[in-house]
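**Student:** Counting in the numbering used here, the sequence shown runs from 3 upward without gaps. Ideal Cβ placement from N, Cα and C applies to all residues, glycine included. Take this structure first; my questions come after.
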Amino acid sequence: MSLRRYAARRTVGTVLTFFVIATILFFLFRQVGSPIGLHISDNMSPEQIEAVRASFGLDEPLYVQYYNYLVNIVTLEFGRSFYYSSPVGDIVVERLYNSLFLTIPSIVIGYFFGVIGGVYLGWNRGNSRERVGLTLALVFRSTPRFWLGLVLLFVFGSVLGLFPMSGMLPPGTEFDSHLELVTMPAFYSHIVLPIASMTLYLMGLPLLLMRTSLFEVMNEEFIEMVRAKGASESRIMYRHAARNALLPVTTAFGVAIGYSFGGNLLVETVFSYPGIGRLMVNSVFRGDFPVAQFSFLMMAGVILLMNLLVDLTYGYLDPRVTYD
3 MSLRRYAARR
13 TVGTVLTFFV
23 IATILFFLFR
33 QVGSPIGLHI
43 SDNMSPEQIE
53 AVRASFGLDE
63 PLYVQYYNYL
73 VNIVTLEFGR
83 SFYYSSPVGD
93 IVVERLYNSL
103 FLTIPSIVIG
113 YFFGVIGGVY
123 LGWNRGNSRE
133 RVGLTLALVF
143 RSTPRFWLGL
153 VLLFVFGSVL
163 GLFPMSGMLP
173 PGTEFDSHLE
183 LVTMPAFYSH
193 IVLPIASMTL
203 YLMGLPLLLM
213 RTSLFEVMNE
223 EFIEMVRAKG
233 ASESRIMYRH
243 AARNALLPVT
253 TAFGVAIGYS
263 FGGNLLVETV
273 FSYPGIGRLM
283 VNSVFRGDFP
293 VAQFSFLMMA
303 GVILLMNLLV
313 DLTYGYLDPR
323 VTYD
């Protein structure tokens, strides 16, 4: 199968999967009670309650609501929040920026040190340094991110008092734009612990992949040839062996970007950080369907897109891969 045909088939499959997820979300959220409970009171007449339902489009039959929902997705019109009474897109995008301030540094730092650590452990196979490093990697990889966050919060926030316990800024602090936000020193003291908890978890996968991949590369003949030419061990390790062992880590990096947004949900909840993960949780409990649906859809879209890009680039990075 040619790359073009494979790409077309994978793209169609990704789009269909996205709409299946959208359909499941639509019917799932309509099983979670009434979304207009916040807008009605006991002294309202049936006519007034019906007017509130109509203002949110909930007076239409379910199949009409579903049709409008699909049309809104195609036209990128995600409606108005039941809770905030403002456009869903503005609310979610604002929180998305906050989450990116956690996700991007966590992935970059985690994969940078994970790759270096994996090369070091793979090159020191069988000795005590590998066993200690491997044990730490497995501990951090198997420990839930929210639990790591709770431990960091207790030690560095509560016991030592080095970092703030919650939020993105001190209470009462306001900012006009995200550009102004990143110039505030207090912002960085608030995001240290959330980033640390995500980084420690994310670092485990590239470390383990790099270590295993390096075992195979170390047995290649070109390693002996480079060593015979008099290259130092550190140059062989990082310049020649690591470069050829990077392929599995490169593909995992793309997938990690998508899945990290899911991990944000628990970390943001633990640290009371106003990101998209916390917004999703609050929207579900409030019955705010438009915000919750858009947040979940955006997360699913990022994961599907990154999986698609990884599949398409894998064959480009490794010519031995065939599209059958």
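I think Val251 touches Met212, with their Cβ atoms under 8 Å apart; what is that distance to the nearest whole Å?
**Tutor:** About 6 Å; that satisfies the 8 Å criterion.
**Student:** Going by CA-CA distance only, name the one from Glu226, Val22, Gly135 and Leu268 that's closest to Met200.
**Tutor:** Leu268
**Student:** Is it the case that the Cβ atoms of Phe298 and Leu102 are separated by a distance below 7 Å?
**Tutor:** no
**Student:** Classify Asp290: buried if its beta carbon has 16 or more other beta carbons within 10 angstroms, exposed otherwise.
**Tutor:** buried
**Student:** Considering only residues of the same chain and omitting the five flanking positions on each side of Trp125, which have a CB-CB separation below 8 Å?
**Tutor:** Leu216, Met220, Glu235, Met239 and Ala243
**Student:** Which of the three DSSP states, helix, strand or coil, is assigned to Arg82?
**Tutor:** Reduced to three states, the DSSP call for Arg82 is strand.
**Student:** Distance, Cα to Cα, Thr214 vs Ala258?
**Tutor:** 18 Å
**Student:** Using three-state DSSP, classify Pro89 as helix, strand or coil.
**Tutor:** strand
**Student:** Contact check, Gly119 vs Leu202 under 8 Å by CB: the rounded distance?
**Tutor:** With 8 Å as the limit, Gly119 and Leu202 do not qualify as a contact, their Cβ atoms being about 12 Å apart.
**Student:** Can you round the beta-carbon distance between Thr25 and Leu306 to whole angstroms, since I take them to be within the 8 Å contact cut?
**Tutor:** Their Cβ separation, rounded to whole angstroms, is 15 Å, which puts Thr25 and Leu306 out of contact at 8 Å.
**Student:** Can you give me the C-alpha to C-alpha distance between Ser168 and Tyr113, rounded to a whole angstrom?
**Tutor:** Going by the C-alpha atoms only, they are around 26 Å apart.
**Student:** Within the continuous alpha helix (DSSP H) that includes Arg127, where are the two ends?
**Tutor:** Careful: Arg127 lies outside any alpha helix (DSSP H) and carries neither H nor E.
**Student:** Near Val194, which residues of its chain fall below 6 Å by C-beta distance, leaving aside the five closest residues on each side in sequence?
**Tutor:** Phe165
**Student:** Just to confirm the assignment, what range does the alpha helix (DSSP H) spanning Gln67 have?
**Tutor:** Unbroken alpha helix (DSSP H) run through Gln67: Leu64 to Val76.
**Student:** Can you name the start and end residues of the alpha helix (DSSP H) that Leu181 belongs to?
**Tutor:** His180 to Leu183
**Student:** Taking buried to mean at least 16 other C-beta atoms within 10 Å of its own C-beta, is Ala330 buried or exposed?
**Tutor:** Limits of the chain in this structure are 3 at one end and 326 at the other, which puts residue 330 out of reach.
**Student:** To the nearest angstrom, report how far apart Val327 and Gly151 are at their CA atoms.
**Tutor:** With the chain running from 3 to 326 in the structure shown, residue 327 is simply not present.
**Student:** With a CB to CB cut of under 8 Å and the five nearest residues on each side skipped, what residues in its chain are close to Glu222?
**Tutor:** Asn246
**Student:** Rounded to whole angstroms, what is the Cα-Cα separation between Ala302 and Ile23?
**Tutor:** 8 Å
**Student:** Counting only the same chain and skipping the five closest in sequence on each side, list residues whose C-beta sits under 6 Å from that of Gly159.
**Tutor:** Phe165 and Met167
**Student:** Classify Leu155 as buried or exposed, calling it buried when 16 or more other Cβ atoms lie within 10 Å of its own Cβ.
**Tutor:** Buried.
**Student:** DSSP three-state call for Asp313: helix, strand or coil?
**Tutor:** helix
**Student:** Inspect the CB distances between the stretch 67 to 86 and the stretch 271 to 280 and report whether three or more fall short of 8 Å.
**Tutor:** no
**Student:** Counting C-beta neighbours from all protein chains within 10 Å, is the total for Arg147 16 or more, i.e. buried, or is it exposed?
**Tutor:** By the beta-carbon neighbour count (other beta carbons within 10 angstroms, threshold 16), Arg147 is buried.
**Student:** Buried or exposed: where does Glu52 fall if 16 or more other Cβ atoms within 10 Å of its Cβ makes it buried?
**Tutor:** exposed
**Student:** Return the chain-ordered ranges of every alpha helix (DSSP H) run that is complete within the stretch 194 to 240 and spans a minimum of 4 residues.
**Tutor:** Inside the stretch 194 to 240, DSSP marks whole alpha helix (DSSP H) runs of 4 or more residues at positions 206 to 220 and 223 to 230, from first to last along the chain.
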